[in-house]
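Numbered by the numbering used here, the letters in the sequence shown go through residues 8 to 170 in order.
A short worksheet on the structure shown next.
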Amino acid sequence: MVLTRRGVRLMGRVWPCTIGRGGLAKDKREGDGATPVGVHHIVGLLYRPDRMAQPVDWAVPIRPGDLWSDDPRHEDYNLMVRAPYPYSHEALRRADPLYDLVLLTDWNWPIAKPGKGSAIFLHRWRRPGFPTEGCIAFRPDHLRRIVRLIQPGTRLIVPASLL
Numbered sequence: 008m009v010l011t012r013r014g015v016r017l018m019g020r021v022w023p024c025t026i027g028r029g030g031l032a033k034d035k036r037e038g039d040g041a042t043p044v045g046v047h048h049i050v051g052l053l054y055r056p057d058r059m060a061q062p063v064d065w066a067v068p069i070r071p072g073d074l075w076s077d078d079p080r081h082e083d084y085n086l087m088v089r090a091p092y093p094y095s096h097e098a099l100r101r102a103d104p105l106y107d108l109v110l111l112t113d114w115n116w117p118i119a120k121p122g123k124g125s126a127i128f129l130h131r132w133r134r135p136g137f138p139t140e141g142c143i144a145f146r147p148d149h150l151r152r153i154v155r156l157i158q159p160g161t162r163l164i165v166p167a168s169l170l
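Laid out in structure tokens, this is it:
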């Protein structure tokens, strides 16, 4: 998968997407809203079992109480955690459908450097052109198709030439 100005190129097709509100960044920081430049790898897939069937055999269900730690001062920074969790975090099981299907990348993982930015996910977009907080977002039906075309270890290249 390669991010281009028109979308993500995969399997001979360009899939329209949106990126972070902060654009692209070589020096990603927590809270900057930027999508990090570099070669990233898909390391996991989460899905909402109450909203869809398991999309592929390596997908893991998002359970009530699943969270993602985004607190750079805590040892669980940039890891999935469970509620109750008193530190800064993001709920994975959301009321909206944004995280119904989430590809996880290895950005700043598995050993996170504080302040370098927490998770970069591939998830559904709110609407075309609406930026993310640093993730890459796709049309829902495109995301479902992409999930079936890739596997753990698939590379996501975000070229510095797009800066």
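All residues carry an ideal CB built from backbone N, CA and C; glycine is no exception.
{"Item": "Simplified DSSP state of histidine 81, which is helix, strand or coil", "Value": "coil"}
{"Item": "Alpha-carbon to alpha-carbon, leucine 150 and isoleucine 69", "Value": "17 Å"}
{"Item": "Chain-order list of residues whose beta-carbon lies under 6 Å from that of alanine 119 (same chain, five-residue window excluded)", "Value": "Tyr84 and Asn85"}
{"Item": "Reduced DSSP category for serine 125 - H, G, I as helix; E, B as strand; rest coil", "Value": "coil"}
{"Item": "Beta-carbon gap between threonine 139 and isoleucine 49 smaller than 8 Å", "Value": "no"}
{"Item": "Residue(s) in a DSSP beta bridge with isoleucine 143", "Value": "Leu129"}
{"Item": "Buried versus exposed, by CB contacts within 10 Å (16 or more), serine 125", "Value": "buried"}
{"Item": "DSSP three-state assignment for isoleucine 49, whether helix, strand or coil", "Value": "strand"}
{"Item": "Alanine 167 (DSSP reduced to helix, strand or coil)", "Value": "helix"}
{"Item": "Chain-order list of residues whose beta-carbon lies under 6 Å from that of proline 56 (same chain, five-residue window excluded)", "Value": "Pro68"}
{"Item": "Whether valine 154 touches leucine 53 by CB criterion (8 Å)", "Value": "no"}
{"Item": "Contacting residues, own chain, Cβ-Cβ under 6 Å from arginine 89 (five flanking each side not counted)", "Value": "Gly72"}
{"Item": "As assigned by DSSP and simplified to three states, the class of arginine 155", "Value": "helix"}
{"Item": "Assumed close pair methionine 18, leucine 156 - CB separation to whole angstroms, cut-off 8 Å", "Value": "6 Å"}
{"Item": "Cβ shell of arginine 28 (< 6 Å), same chain only, five flanking positions each side left out", "Value": "Gly40 and Pro138"}
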